[in-house]
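Okay, structure first, notes after.
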């Protein structure tokens with residue numbers, strides 16, 4: 001399964017995602033420059049974390065106009081797998097691939113720490129290696145991770161089971177205290193209607209190896225690789 | 001051709017530039033007996049400033065040990081470099097940004113971080129970790145005493161603290177470098193003079209290091225990065241004088257940081273270096289274009305000629321003086337191979353950055369500056385660098401205004417409620433959790449962080465594609481240096497090294513940031529000289545060369561100086577990063593061992609030393625005596641023994657015993673996993689306070705599997721030090737007894753609450769009281 005990792009000026013988790021894919025998941029991976037339309041026949045796209053275009057104006061607001069995002073939108077529309085992590089989530093939300101917006105954290109400060117998230121949906125290409133209700137420890141690091149959408153959108157997300165992760169306590173309870181940024185309904189990650197686009201604020205590449213203190217995040221990448229393996233088997 | 005004189009230099013103008021009459025005479029002589037132009041005077045004034053020339057400290061800095069088998073680059077370059085094995089080297093340095101951070105905390109701190117990062121990547125190294133040593137005035141008054149700091153001052157300190165932390169966070173987070181540790185301290189003496197010392201470390205292949213050296217007559221000199229504006233003019237000069245009432249007016253002297261631009265500059269520079277077309281490169285930090293041109297020329301023994309019309313400018317009508325002295329951030333100067341400019345331009349254009357040839361390398365040994373083709377400055381490089389004034393300023397031995405023996409009014413062994421005292425210690429500003437600070441820093445980007453801030457004595461990162469890791473720690477103790485600058489500085493080295501050793505890494509090199517008052521006062525010079533003696537002695541004994549650093553003088557406001565505050569940054573190598581040890585107890589049922597390098601002193605010594613402790617400051621509200629004794633030979637063997645025990649796989653956890661003594665160290669080790677401890681201590685005929693909270697040096701709290709206790713004790717014996725079994729880990733309660741009598745007992749959670757929430761509470765309380773005013 002070939003992965004493409006987007007590189008915007010200001011991306012700073014691009015190398016981290018690339019490393020995890022190459023050296024932990026042992027998959028072919030390539031960087032895709034923001035000015036190019038060519039996705040180089042990748043099977044899955046990672047929109048990495050960072051500060052694309054300095055996050056000037058508003059997070060993701062400039063990145064959504066980049067040539068590469070035009071191609072990513074087409075790719076997603078045709079069912080291609082797109083994972084947006086942190087700033088990547090902000091960018092794909094701005095691009096309209098996912099509903100809602102990421103606002104300034106309720107605490108008004110950048111927050112970097114381990115967060116516990118409960119897996120709410122396992123029928124996605126990003127969580128098929130997880131159990132429903134499983135609690136994963138995945139670090140967060142953001143200033144604008146406060147997910148918001150209107151009531152109708154929220155109802156639709158809930159009805160179609162598209163809230164994929166919620167911030168929770170270590171034992172899996174979704175409480176206000178477990179919410180690090182004020183997100184609506186403790187939402188940490190959502191997917192699109194086709195379930196092929198996932199946006200999440202936590203950084204799975206930061207808990208992808210035991211030496212980093214926790215390897216829970218690797219399950220996200222493992223799930224994506226499983227999709228590739230299954231597709232190959234079906235052929 | 002001499003530059004055309006356009007204005008008359010009056011003694012008044014000379015004085016405004018911080019140049020003494022004698023220095024002005026020397027300047028004229030170096031120019032070949034002529035008057036400088038205004039531009040030349042500006043160039044001299046920044047290069048000869050304390051900040052750039054180290055004119056007061058250079059004679060003393062020479063004493064520091066700077067060599068070892070691992071040192072690839074010692075002091076004199078943008079950063080020091082050591083060989084760390086497997087074909088890798090690491091570049092690292094610490095630098096101060098104290099003065100700008102007082103005037104404009106947020107921007108002062110961001111540009112401090114930005115400057116040190118450029119120092120690292122200009123050597124070809126990708127920054128992989130940063131740490132900060134921060135010191136502020138108090139943000140709260142002790143509850144049980146008469147308020148000594150005014151409400152307005154507390155509020156000012158609070159806003160400086162918030163601004164600095166916000167600035168450090170904003171820059172590092174966007175740039176994408178993990179913040180893996182450091183220190184935050186509060187003392188009254190830093191009220192008018194906060195200390196912001198930023199450390200950065202980068203990795204570079206041993207054979208791909210770049211130097212800030214110009215070479216090759218005719219090679220193009222290329223300017224890259226941000227455009228030049230009027231910001232930061234005289235920043236270096238500002239950092240070379242005391243603050244007075246009017247210092248707020250210096251705000252325009254503080255530069256503005258743009259971390260996004262710096263991130264682009266990093267990627268573009270590293271990519272351009274890969275082309276092989278770059279001969280030398282230096283960042284434009286303090287003294288901007290002036291410093292980079294003459295220093296690169298001086299190092300290469302060549303001249304540099306530049307035409308100012310070609311310099312990218314963001315404002316119109318800038319004079320040569322302003323362009324040469326601007327300290328606009330995120331700029332670099334590089335020398336490329338003639339004919340290969342296009343390769344360099346292509347890379348910078350890809351990253352959307354300016355890259356312009358502004359001059360060339362000459363064989364004159366001069367810095368020559370032209371505007372519209374006319375020479376506006378021509379000075380020999382050495383006049384600005386090697387021939388800069390050098391002072392052996394007078395020293396005067398000095399005694400701090402504190403009693404050397406315990407005041408009669410202070411009574412020890414009072415059988416107080418030590419559980420309460422421990423809670424108060426844990427909640428005190430210097431010991432409490434700094435979570436509020438480090439949660440604002442990205443500590444995990446780059447996915448190398450094995451030990452981040454808040455959870456260990458030192459930060460630890462792994463090095464991808466190898467089995468290795470690096471540990472790093474910052475340490476300083478201003479109060480101890482105030483009581484005894486030499487001994488205090490020795491402690492800073494020993495403790496930073498011990499912190500590194502607690503992770504199992506071998507400390508191999510260091511960098512120092514020397515923060516002192518006005519060097520024109522003989523007692524301040526004496527403090528500086530003593531501190532350098534202390535660092536030298538400790539570094540020699542522990543075999544830690546100093547590969548670079550920074551001196552920050554004139555840390556005084558209205559004549560009030562800071563405590564002499566040398567801050568040490570020490571780096572250690574882990575051959576196998578998987579073998580690193582954390583500071584916290586892992587589980588109940590393990591043995592707790594106190595490893596100590598030197599024997600406890602007698603009751604008289606203990607009382608004299610206790611006056612320098614955090615307990616004396618926080619609980620007794622008093623300061624007396626001397627810092628604890630430090631036997632460097634014993635410290636060295638303690639660290640060797642500790643590293644060997646950890647590398648043998650016998651140690652579960654290791655935590656340095658420092659501020660707050662044994663009681664605090666034991667409690668801190670309990671927090672992470674909520675594991676308890678049952679500890680039994682000997683009284684040694686000392687006051688209870690000294691046993692629990694005394695800060696004797698060279699001690700480390702270990703925990704281990706019971707089966708390893710004998711092995712550790714045998715190893716310690718071989719090294720000639722002691723390993724005492726003092727207790728075991730338990731479920732969830734901390735109980736400490738001395739001579740069989742329980743003196744401290746409470747659930748871990750109770751101590752943790754005191755420790756974790758204290759800083760937030762203090763900040764909120766300060767805001768509420770200000771709102772009520």
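Protein chains in written order, with my numbering: chain F, 1 to 235; chain B, 1 to 773. Ideal Cβ placement from N, Cα and C applies to all residues, glycine included. Only a predicted model underlies this, so the values are computations on that prediction, with no experimental measurement involved.
Check: Per-residue DSSP class, three states only, for residue 582/B; Outcome: strand
Check: Counted within 10 angstroms of its Cβ, other Cβ atoms place residue 95/B as buried (16 or more) or exposed; Outcome: buried
Check: Test: residue 20/F CB closer than 9 Å to a CB of chain B; Outcome: yes
Check: Top-ranked residue by Cα proximity to residue 160/F, from 110/F, 84/F and 122/F; Outcome: 122/F
Check: Amino acids of chain B, ordered along the chain, whose beta-carbon sits closer than 9 Å to that of residue 111/F; Outcome: 439 and 440
Check: Under 9 Å between C-beta atoms of residue 37/B and residue 255/B; Outcome: no
Check: Any non-hydrogen atom of the ligand FAD within 8 Å of residue 347/B CB; Outcome: The ligand content of the structure shown is nil, which means the ligand FAD is not present either.
Check: At least three beta-carbon pairs within less than 8 Å, the region 263-281 of chain B to the region 303-312 of chain B; Outcome: no
Check: Segment contact flag, the region 683-700 of chain B with the region 493-504 of chain B, C-beta cutoff 8 Å, min 3 pairs; Outcome: yes
Check: Environment of residue 283/B [buried if 16+ CB atoms lie within 10 Å]; Outcome: buried
Check: Complete alpha helix (DSSP H) runs within the region 102-160 of chain B (minimum length 4 residues, chain order); Outcome: 105-121
Check: Proximity test, Cβ basis, 9 Å: residue 23/F and chain B; Outcome: yes
Check: Nearest neighbour of residue 88/F, chosen from 108/F, 28/F, 8/F and 37/F [CA to CA]; Outcome: 8/F
Check: Residue 159/B versus 204/B, 83/B and 105/B, residue with shortest Cα-Cα distance; Outcome: 105/B
Check: Partners in chain F for residue 260/B, counting only beta-carbon separations shorter than 9 Å; Outcome: 9, 10, 51, 53, 54, 55 and 56
Check: Runs of alpha helix (DSSP H) wholly within the region 423-477 of chain B (minimum 4 residues, chain order); Outcome: 435-438
Check: Nonlocal neighbours in the same chain, by C-beta distance under 8 Å from residue 227/B, ignoring five residues either side; Outcome: 312, 313, 314, 328 and 354
Check: Residue environment, residue 744/B, which counts as buried when at least 16 other CB atoms sit within 10 Å; Outcome: buried
Check: Residue 297/B - containing alpha helix (DSSP H), residue span; Outcome: 288-300
Check: Where residue 217/B meets chain F, residues with beta-carbon distance less than 7 Å; Outcome: Simply none; closest approach about 36 Å.
Check: Of the residues 667/B, 58/B, 32/B and 728/B, the one placed nearest residue 551/B, counting alpha carbons only; Outcome: 58/B
Check: Candidates 302/B, 654/B, 73/B and 368/B, of which the one nearest residue 290/B by Cα; Outcome: 368/B
Check: Pairwise C-alpha distance: residue 64/B and residue 532/B; Outcome: 7 Å
Check: Residue of 421/B, 410/B, 405/B and 306/B minimising C-alpha distance to residue 377/B; Outcome: 306/B
Check: 9 Å Cβ cutoff, residue 139/F in contact with chain B; Outcome: yes
Check: Sequence-distant residues of the same chain with beta carbon closer than 8 Å to residue 494/B, five excluded per side; Outcome: 538, 542, 630, 632, 635, 697 and 698
Check: Status (buried if at least 16 other CB within 10 Å, exposed otherwise) for residue 102/F; Outcome: buried
Check: Beta carbon of residue 180/B nearer than 9 Å to that of residue 583/B; Outcome: no
Check: Residue from 100/F, 228/F and 47/F with nearest C-alpha to residue 73/F; Outcome: 47/F
Check: Contacts of residue 263/B in chain F (Cβ-Cβ under 7 Å); Outcome: 10 and 12
Check: Positions along the region 105-137 of chain F whose CB lies within less than 7 Å of some CB in chain B; Outcome: 109, 110, 111, 112 and 113
Check: Helix, strand or coil at residue 143/F [DSSP, three-state]; Outcome: coil
Check: Min CB distance residue 585/B to chain F below 9 Å; Outcome: no
Check: Proximal chain F residues relative to residue 351/B, where beta-carbon distance stays under 8 Å; Outcome: 9
Check: Under 8 Å from the C-beta of residue 444/B: neighbouring residues of chain F; Outcome: 112, 139, 141, 203, 206 and 212
Check: Residue 204/F, DSSP secondary structure in three states; Outcome: helix
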